[in-house]
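A.B. asks: If you read the sequence shown in my numbering, its first letter stands for residue 428, the second for the next number, and so on.
The C-beta atom is built at its ideal place from N, Cα and C for all residues, glycine as well.
Note that this is a predicted model, so its numbers are computed, not measured.
Take a look at this one; I'll ask things after.
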Amino acid sequence: MVVDPPGTLSPSRRNALDPAPSTTYIRQDETMKISSTKFHSRPRRSPRRWGLTLLVLATFSASTALAAKPIQVLTTIGMLGDVAAEVAGECAAVEAMMGPGVDPHLYRASAGDVTKLARADLILYAGLGLEGRLSDVLANFSRRKPTVAVAELAVPATELRYVGTSTIDPHVWMDVALWRGTAAVIRDALLTHPDIDPECAAGITARTSAYVEQLAVLDAWVREAVASIPERQRVLVTAHDAFQYFGSAYGLEVVGIQGISTDAEAAVADIRRVAEVVAQREVPAIFVESTINQRTVDAVIDAVRRRGASVTLGGQLYSDAMGADRTPDGTYIGMLVRNVTNVVAALGGAVPALPRGLSEWEGRWQ
Ligand SMILES: [Zn+2]
Numbered sequence: 428m429v430v431d432p433p434g435t436l437s438p439s440r441r442n443a444l445d446p447a448p449s450t451t452y453i454r455q456d457e458t459m460k461i462s463s464t465k466f467h468s469r470p471r472r473s474p475r476r477w478g479l480t481l482l483v484l485a486t487f488s489a490s491t492a493l494a495a496k497p498i499q500v501l502t503t504i505g506m507l508g509d510v511a512a513e514v515a516g517e518c519a520a521v522e523a524m525m526g527p528g529v530d531p532h533l534y535r536a537s538a539g540d541v542t543k544l545a546r547a548d549l550i551l552y553a554g555l556g557l558e559g560r561l562s563d564v565l566a567n568f569s570r571r572k573p574t575v576a577v578a579e580l581a582v583p584a585t586e587l588r589y590v591g592t593s594t595i596d597p598h599v600w601m602d603v604a605l606w607r608g609t610a611a612v613i614r615d616a617l618l619t620h621p622d623i624d625p626e627c628a629a630g631i632t633a634r635t636s637a638y639v640e641q642l643a644v645l646d647a648w649v650r651e652a653v654a655s656i657p658e659r660q661r662v663l664v665t666a667h668d669a670f671q672y673f674g675s676a677y678g679l680e681v682v683g684i685q686g687i688s689t690d691a692e693a694a695v696a697d698i699r700r701v702a703e704v705v706a707q708r709e710v711p712a713i714f715v716e717s718t719i720n721q722r723t724v725d726a727v728i729d730a731v732r733r734r735g736a737s738v739t740l741g742g743q744l745y746s747d748a749m750g751a752d753r754t755p756d757g758t759y760i761g762m763l764v765r766n767v768t769n770v771v772a773a774l775g776g777a778v779p780a781l782p783r784g785l786s787e788w789e790g791r792w793q
């Protein structure tokens, strides 16, 4: 077994002990006060729409103004928070409990999280067993307020992958076409929420359609990018088994050093098995993940080199959490673009330019 050196903690254990950093998605007017970044910016209301709003406020009572307050949405993983922010626009204030580098498999709710859950109007989690250690607290809140297992509802049962016979692989965001379904689930959760401003309905529906369209473009781009890797080298070796959906959707063989969850540390036999594959197939690079300790990947590199083969570190992939807030990597689309760019470049492919359907995103990232 791989053992922590004395006095150190693996990132996953740190996550379990420390108060977890959280990610806040802020409406444009607030964003502009904090930073000039256009990240997470929302289209402003048109003057005509403002005029209409003012007319409504003037005509009806002050309670209309109260009803127009954005609802508070709390998500578990950042990928859900990002989709929710895209779909909701200014109609919701979206926050994700788990920030960059946080491992959802091991995450336990802190006292602060319980307060946030209690204050939220709508709770969105992935389900499919991803947030295993939050299941009790989520079940508890689901009796009191709208609490939606978004990925569980979005992904058809026939598309799910299993580990063994009964454990579902929860990493569905790695297949863009599957993750696309989360936007409609979140749209419906917002539209049916008792506290949503009725004026928000058209905007939420329009933003969902636009975002779903962008994800279709992203899906096609990922496919084209991966297809450029020489066939023999289409092998993705990563620290834990988060990329099976990615591999199956886009045509890569995926070899995880650890299992599907990060609960069990990689054993010596796993390291030997993976090193064997890498040496035999002459895989040029293997990858570390932002939420996983790098040691096991380093151990594989050492084992490959002892077999006389060469392999390099292909860089960091985002598996179970996105990158830093208000950076391209801190969005779902940016996370996928970064991963695909790293994988395709390191495995000998050619990364295609982003298509026109994603040019809005390139604009945000400049
Ligand atoms: Zn995972």
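According to DSSP, simplified to helix, strand and coil, what is G528?
C.D. replies: It is coil, neither helix nor strand.
A.B. asks: By Cβ distance below 6 Å, which residues in the same chain neighbour W792 in space, the five residues on each side in sequence not counted?
C.D. replies: The answer, listed in chain order, is P755.
A.B. asks: Go ahead and label N567 buried or exposed: buried means 16 or more other beta carbons lie within 10 angstroms of its beta carbon, across all protein chains shown.
C.D. replies: The residue is exposed, with fewer than 16 neighbouring Cβ atoms inside 10 Å.
A.B. asks: Out of R650, E517, L555 and F670, which has the shortest C-alpha to C-alpha gap to G683?
C.D. replies: When each option's Cα is compared against that of G683, the closest is F670.
A.B. asks: Do A515 and I698 have their C-beta atoms closer together than 8 Å?
C.D. replies: Cβ distance not < 8 Å, so A515 and I698 don't count as in contact.
A.B. asks: Looking only at its chain, what residues have a beta carbon closer than 7 Å to the beta carbon of A751, apart from the 5 residues adjacent to it on each side?
C.D. replies: Counting only Cβ-Cβ distances below 7 Å, and skipping sequence neighbours, we find P527 and G757.
A.B. asks: Cβ of D602 within 7 Å of any heavy atom in ligand 1?
C.D. replies: False, no ligand heavy atom lies under 7 Å from that Cβ.
A.B. asks: Is any heavy atom of ligand 1 found at a distance shorter than 7 Å from the C-beta of T675?
C.D. replies: According to the sequence as given, residue 675 is Ser; it is not Thr. The answer is no for S675.
A.B. asks: If you draw a straight line from the alpha carbon of N769 to that of A726, how long is it in whole angstroms?
C.D. replies: Distance between the alpha carbons of N769 and A726 is about 21 Å.
A.B. asks: Taking three-plus beta-carbon pairs below 8 Å as touching, is the stretch 659-669 in contact with the stretch 707-714?
C.D. replies: The stretch 659-669 is in contact with the stretch 707-714.
A.B. asks: For S537, which option in P782, L561, L587 and W788 has the closest C-alpha, if you only look at C-alpha atoms?
C.D. replies: Closest by alpha carbon: L561.
A.B. asks: Pair every Cβ in the stretch 576-590 with every Cβ in the stretch 602-619, then say whether three or more of these pairs are closer than 8 Å.
C.D. replies: With the cut-off at 8 Å, the stretch 576-590 and the stretch 602-619 touch.
A.B. asks: Report the option in L774, L785 and P497 whose CA atom is closest to the CA atom of G809.
C.D. replies: Within the shown structure, residues of the chain are numbered from 428 to 793, placing residue 809 beyond reach of any answer.
A.B. asks: Less than 6 Å between C-beta atoms, sequence neighbours within five positions excluded: which residues of the same chain meet that for A736?
C.D. replies: A706, listed in sequence order.
A.B. asks: If you check the beta carbons only, do T594 and G556 fall under 8 Å apart?
C.D. replies: For T594 and G556, yes; Cβs fall inside 8 Å.
A.B. asks: Distance check for W788 and P782, CA to CA, integer angstroms please.
C.D. replies: Distance between the alpha carbons of P782 and W788: 10 Å.
A.B. asks: Would you give the residue range spanned by the beta strand (DSSP E) that G784 belongs to?
C.D. replies: Looking at the DSSP string, G784 is not in any beta strand (DSSP E), and its letter there is neither H nor E.
A.B. asks: Output the boundary residues of the beta strand (DSSP E) element that contains I498.
C.D. replies: It spans I498 to T502 - the beta strand (DSSP E) in which I498 sits, taken as one unbroken run.
A.B. asks: Distance, Cα to Cα, P779 vs S675?
C.D. replies: One C-alpha to the other measures close to 20 Å.
A.B. asks: Taking Y857 as the reference, which of L507, I498, P497 and L501 has the closest Cα?
C.D. replies: Residue numbering for the chain in the displayed model covers 428 to 793; residue 857 lies beyond these limits and cannot be assessed.
A.B. asks: Kindly list the residues whose CB is nearer than 8 Å to the CB of R734, restricted to its own chain and excluding five residues on each side of it in sequence; keep chain order.
C.D. replies: So the qualifying residues of the chain are A702, E703 and A706.
A.B. asks: Which residue from Q660, T723 and G678 puts its Cα closest to that of Q685?
C.D. replies: It is T723.
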